Every structure is written in C-alpha cells, then in structure tokens.
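Residue numbers (the working numbering), protein chains in the order written: chain C, 511 to 801; chain P, 7 to 614.
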C-alpha cells in the first residue's frame, strides 16, 4: 500500500489554518468566506430602506420605533473561496534530494487540504508541456482523499511550457490561484503570471528548488544532460563556472519574483529540503497566504 | 652566459608532453541537471584518456608551457659573469677576534664580513674551490678547498666571534700550507685590521696574493682597560683605567660591585681620546671587584671588568746573609712574602720556609726545596772555579720569560766565579767569560748566582727587583694565580698537595675537570669573567679565583685599519690570472616560475 501523501498528524494541524484573501470573493455556494454579496451571517454589514417584496423578518424594529420608517438590517454573506492549484510536474521537477516533484505534491496537498477544511472549492491542475484537465472541483474535507490520490497519480516528466497555462488560467473565476513550480523551464514564466492578473486571481507563485541546484556540490569534468529536453553539453565545472551558474539562477529567480510582485502576487522561494509542515505553518503564514 | 648544468636541458622534453596531453579527450561522467541552459558553455581539458581531438586554444596550455620552459631555464643553472676576480682556489681569512663583535655596522662586524663572504660563495664557479679559515687566537680551518656552496654556507654560519685576539701569523702560515704548489690561489682577508702584529717576516713571500677587505666604520668606544686590586699596609684599593677611544665626548656612569654587593656608582665624562684612572677602596670582605660602565657604545666586551681582591696566602722566605740590603729589599717588595733574615752563623735549617736565599754562604746540606744560592764560598757545594773578571753581561736567551721586562743593557759585573764547568742547570744570564746565573727545574726550581751582588751595578738598575720578582714567582708559583688573564690565555694551576679533585667552573657555569696530581694548564679561557678553581683536599673544598678580561687597548681602540702591511706574494707566472666570479640567476628564474604557477592556479580556478 502506497504511503499517504500527508500524515494524519499533519492534517490535524492543517485544520487550524485557513487561506487568507486580501479582498472578499464571490463564490457559487455558501461557505466561510466574506462575500461581495449580502447574505445571512452573524456579521452586520449595513441598513437600507424596505421595499415591498423584501423579507420582513429582516426589518429592524428598533429602528422603526426611533425613525418611524421600515429599515432592513443587511448582513455579510459568507461564501466559498475558489482555489486553483497549478502544480509543475515537468522533468526538471523530478530531480534533487529530496525530490522536488514529491515535495511539490505534498505542498499542493497541504494547501488544498487547508482550503477543503474551510469549505473552499479546490481545482487541481498539473502541468508540464501542457496542463491536464482541471477535472471536477473538490469541496469539503471528505473529498481530500480523492484529491490526494489524483495528485499522486500524475507522473513527473516532460518539458515545461508556461505559455500553455495562459488559457486555462484565463478561464478561472475570480479567486485564488497558487502556482507551484521551479521556474527553470526554458520558456518564460511571465505569460502565465500575467494571465493570473488578468483573470483577477489573488494568488501566489511558489518557486520550489532543490538544495543541490541552489548550490551545486560537484566540480570537475562532466557531460551535462538536461532533465527535460535530454540535451547534452560537456563542461568543466570550476569555482568560476559554478559562480556563473549561480548568477544565472539568481537572475532567473529575480525575474520571476519581479513579475509576480509587479502583478500583486505573492512570491515565495522554497527549498525541497524544508519539511512541508514548516513551509505551510511558517513560510506561507509569514507571507500571508495562510493564516 | 654560462650554464652550470646544461644536461638539465633534456627536461625540455616535458613541453611536447604537455601539448600531447591537450590533444587527448577527456571521458566525462554524465550528470543530469534540471536546467542546462543556466550553465555556462565552458570546457577545459585537463586530463586525457581517450581518443585524440583537435588542439583547442587554451590560456592554461600557454601558461603551463611557459612554466615548464622557465623551470627548464632554471634547471640548467645559468650564471652571469659578475663580481670581483676569483682565483680557482680562494682562501678566505675571516677575522673572528674580539673586535669583530663591534656593532658599528649592523648587526656586527663579523656578520657583515660573513655577508660579504656569502656573496663571494655565490660567485664561485663549478670548478672553483674555497678554503675558509677563522682567524682567532688559534686559527682553524672551517672549510677546506670545497666547491659545495651549501657546505660553505653552513661552515660560514657556524663561525662565531671569540673574545681573544686574531693571530694573523698563524693564519697565514696555515693558509700557505693549504695552498698547493703550482695552484692558482688568492687569499681574501676580511677583517677590521685589529690583529696581532706579524711575528714572522715571510721573507720568501706567500704563495698567493692577499686582498684586504676592511670591515667596520667607526672607532667610537669607551672601554675599561685595566683593573687591579692593590693591598697596602692598611687598606686595599681597586685601580681602574677608563679610556674613551673615540673622538666624541661621552658621559656615563661607572658602577662598582663586589661579590658582597654594590660599592659605588659615579658619573664620569671623558672627552675624545681621554683616559682616566679611578681609585676605590675595597671592603675587606670582598673577594672580587667588578667595574661596569653603561657607555652604550659599539663594543660591549670592554664595558665590564673583574679583578680578584682576595690576598693570596703568604710564603715564608728565609734570607741567610752576612748583610745584603739589595736582596732583602727586593724580596720584601713581594707583599705575599714573609721574609726572615738571619746571619749564616744563626742558620739552623730551612725546613719551615718555602724558599731560602743563601747569600755568600752555603750550608753543609742544601735544602730539598727551592733556593737561590748567591756567590757560594769557594770549596762549598755548587761553588764554581776561581773568579774571573767579567764586564758586560747579556741574556742567554732574550725571549726567556724569566727575563721579561729585565733590561741588561747597562749591567756590569766586576768578577764572578767561573761556572763554565758547572752542571747546575741552564744559563739565564751569561757573559763572554762564563755563565753568571744558572737555573734548573729539577729536583726543585733553584737558582745559582756566580757573583757577589755587591761586585755589580745590577742592584742599582730597575731590572734587579724585576728579576728577583720573576725568579721568586717562578720558584713559588701560587696554586692559582689571582691576576687577570686575557681571553684564550693559558692559566697554570698547581694543585695543592693532597688535592684529589681539581676542577674549574667557568663564568657560564660549565665545569672542566683537571688532573689532580700534576701541574695543569687550563686553556678554556675564551669567556670573560671570573673562573673558580675548586680543589678537594681531605674532603674539604678549597676555592680560588682568577679573572679573564679583555684588557686590550688594541682591541678597544676599535677604529678599523684602512691599510694593512701584508706579506708580499711570490712572483707568479703570467697565466695565473683571476677570472671573474659568477652571478647565479637561477633562483630568480625559479621565482618567476613560482609566480607563473600561481598565475596558472588562479587562471584555472577563475575559469580563465
């Protein structure tokens, strides 16, 4: 029997968390999120004049006694939050110790579980060369096992093409989108990030790298083979070449971060040797994605 | 340019080997990376193990070829002609005497001389040889006819300055013995010129020419040149001579100490060239007196001197004479003599006396002890033949130490017994007619004088009391002489009767054992200071002292001598010409190679 994606102890701790949104959202069904619509909830929102047809149970009789006018009490409606998870499972993610793809699966599962526990609606999309079908959305914690099973069912491999994410992102309803990727594909990430903004998504870009690619631990002569394309190149790794590599990696990371922040998205760089508990309970809480 | 090791040029074969290595390809292990496009396109061939490839331009290859070429250049040891003329055999005389400790050139004259000789060693060619002689009181060969630069360097480093003088006569004799006949040799004297005068004229000339290399620049020095303790009838006093040998006035303090503690400190100013005598009472309890100045000059060896203040034990001396004021006064000049005078008729034997002087009297039995027999009566034991007229007298051997400071030039003797047939001993003073004074060592040190003192003008001359002093010291040497000696001067120690262990403790605390049963000569007096002679007699340790001080105005003078009168060299064939020395440049080339290696290492690690 395959090991569960997330341990029961971790799941219990995740139930204490919730996704944090900066503005109210419009959902399809009731939930625990403040909605732009007025509805039923303990939280008072406003008054308005009564018009025929309104639910007379909402008339504020105290106000009628003072003003001799029928006034309706309005309350904040609480609805679900649409959360879209885009998880990169390309060939470059199937690398590193610990494996980045495995860590990405666990991280996506943890975020999804936080949303499900808050009665939010979760849609999972795995991508490499192109996105998989988002499938039916998940809602409620009872649907977590199906979601976990689906995450684990996708093998890692293939090349990354971020431009093919533009269309599925654009079809998203306004809500929250979390993009988990290493950002190392040859194609630029910027189109996908731009489309998030256009789709009025409040979201985050989580860049996941392995410690061995942050600081390469080998030197000498080697034939390098690209994990995605299979392209090869002979190289002599010296401290100078390693420094050059680190500079290129930093430049790529900075580009992604600048693109994300310019469009109002959160950006977090994570290392695959960090425990997932630490990622969600400390790092993501620190940047305000979870609370 | 000359190459000392041309065979090393074969190492140049390493150059094509390096190029060949660059023709070979490297078998590289495959590594999977997540993003190949982030890695720079940089390749460097460092090792080869499979098939050939096209030679690619590489800065590393150029640097490695350059390093190899420069190393080959250093290995062949190129030399440039440079420096002074060198003979095939160079004999270096290095003055290692006391004055070479002077610090007027830093760190010292000796080190400066060693530095110059070191440069000369570097110039030796492959066929050249060098002999190094350290010139001290006893010159010694430090390195003999060697061409090994390292061995010469080590030998040179081991030379240290002594506290004694430089015996150039012995050093030149040694060098002349080393120079082989027909060999082209040249001597180089590195000295400040403060050396003992030549004792030999070297009339036939030396088998090599000598070059004098003066070491030192200044003669500024204040030194203590004499310290003695005189015991008078009631007091004892120390007499110190301080001399400013330089040209500048100096003010300093003179500190007096005894073994009991500080006696006195007083300031003193001396103008250039001025000398001054100081007198200081010495406490009765003092055994030694030390004087020290803080002149802070270039030469510290003469800044502290020591004298022994203990009065030696007195000898009892018997003078048997019908009356001889000259002899009596001369004997009484010795403060350590207790002189008893008796008439011949009152003579009852000399068993209680260390020495007896018989004047115009000879007992029936002469004592088995040191004695002086003056003009024995005719017919008595040891008496000579009938008197003969004499006139002028002369020394039998002018260099005899018993005649030190004794002038016989104006001495006349009216008549003397004829001692030509006497078998008493060797003649000390003689005349045309007959020997006048005979001395012998066995069975005891004894003296026979053939003439009556009153028949001579000798007692009126200054040489008479000096002769009596010399003879009495010779006959009754103190067990341990309490006077001051010069460094490297031998000291005669006469062990006490019954002494089982005799040893000398040097100023540095080291101990030297002497043979207890016989008169010993102690020569390890290279250090200045107080030497303690310990004798164990019947289980009791008896201590006596003697001092070693520089006390050399010649050394303290310190001013280096510009020109030295050196013995001439014999005529040499025209072919005997010196060649120029070599300047070895390979260390500099090796340094360049080292810098290139560093550059290659940096280039490799910076990925150039």
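A virtual CB, placed ideally from N, CA and C, is assigned to each residue, including glycine. These figures come from a predicted structure and were not determined experimentally.
- It is roughly 47 Å from the alpha-carbon of residue 592/P to the alpha-carbon of residue 529/P.
- If you draw a straight line from the Cα of residue 746/C to the Cα of residue 606/C, it comes to about 21 Å.
- Flagged as an interface residue toward chain C: residue 38/P, by a C-beta distance shorter than 7 Å.
- Cβ contact annotation for residue 769/C (same chain, cutoff 6 Å, sequence separation greater than five): 700, 703, in chain order.
- DSSP places residue 789/C within a helical segment (H, G or I) once states are collapsed to three.
- If you keep only unbroken beta strand (DSSP E) runs of at least 3 residues inside the region 80-114 of chain P, you get 84-92, 95-101.
- Close partners of residue 735/C in chain P (Cβ separation under 9 Å): 36, 37, 38, 39, 42.
- Chain P has no Cβ within less than 7 Å of the Cβ of residue 623/C.
- Its Cα nearest to that of residue 554/P, the residue 489/P stands out among 568/P, 602/P, 489/P.
- A contact between stretches requires three or more CB pairs, one per stretch, nearer than 8 Å, and the region 10-26 of chain P fails this requirement with the region 725-743 of chain C.
- Taking a Cβ-Cβ cut-off of 9 Å, residue 132/P has no neighbours in chain C, whose nearest Cβ is about 45 Å from it.
- When beta bridges are read from the DSSP output, residue 555/P appears opposite no residue.
- Comparing alpha-carbon positions, the option among 431/P, 67/P, 93/P lying closest to residue 191/P turns out to be 93/P.
- Not one beta carbon of chain P lies nearer than 7 Å to the beta carbon of residue 691/C.
- Contact check for residue 771/C against residue 799/C fails: the beta carbons are separated by 7 Å or more.
- For residue 210/P, the three-state secondary structure derived from DSSP is coil.
- By the C-beta criterion, the region 557-575 of chain P is judged not to be in contact with the region 496-513 of chain P, since fewer than 3 inter-stretch pairs fall below 8 Å.
- When DSSP states are grouped into helix, strand and coil, residue 516/C belongs to the coil group.
- The secondary-structure analysis by DSSP pairs residue 498/P across a beta bridge with 527/P.
- If you look at residue 685/C, you'll find it in the beta strand (DSSP E) that goes 685-691.
- With a threshold of 16 other beta carbon atoms within 10 Å, residue 422/P meets it and is buried.
- Listed along the chain, the chain C residues whose CB falls inside 8 Å of the CB of residue 610/P are 748.
- Counting along the chain, the unbroken alpha helix (DSSP H) around residue 723/C starts and ends at 721-724.
- Leaving aside the five residues that flank residue 377/P on each side, the residues in its chain whose CB is nearer than 6 Å to its CB run, in chain order, 362, 452.
- At a cut-off of 7 Å between beta-carbon atoms, residue 517/C makes no contact with chain P.
- For residue 562/P, the secondary structure class from DSSP, reduced to helix, strand or coil, is helix.
- The alpha helix (DSSP H) runs lying completely inside the region 562-623 of chain C and spanning 4 residues or more are 571-577, given in chain order.
- For residue 250/P, the enclosing beta strand (DSSP E) covers residues 242-250.
- Contact between residue 713/C and residue 687/C holds: CB atoms are separated by about 4 Å, below the 8 Å threshold.
- Of all alpha-carbon atoms in 280/P, 69/P, 539/P, the one lying nearest the alpha-carbon of residue 256/P is that of 280/P.
- At a cut-off of 7 Å between C-beta atoms, residue 755/C counts as an interface residue with respect to chain P.
- Cα atoms of residue 36/P and residue 730/C: separation of roughly 12 Å, rounded to the nearest angstrom.
- In the structure shown, residue 452/P adopts extended strand secondary structure according to DSSP, grouped into three states.
- One alpha carbon belongs to residue 75/P, the other to residue 115/P, and they sit about 42 Å apart.
- Contact between residue 412/P and residue 330/P is ruled out by a C-beta separation of about 19 Å, above the 8 Å threshold.
- Under the 8 Å Cβ criterion, the region 397-417 of chain P does not count as touching the region 323-343 of chain P, having fewer than three qualifying pairs.
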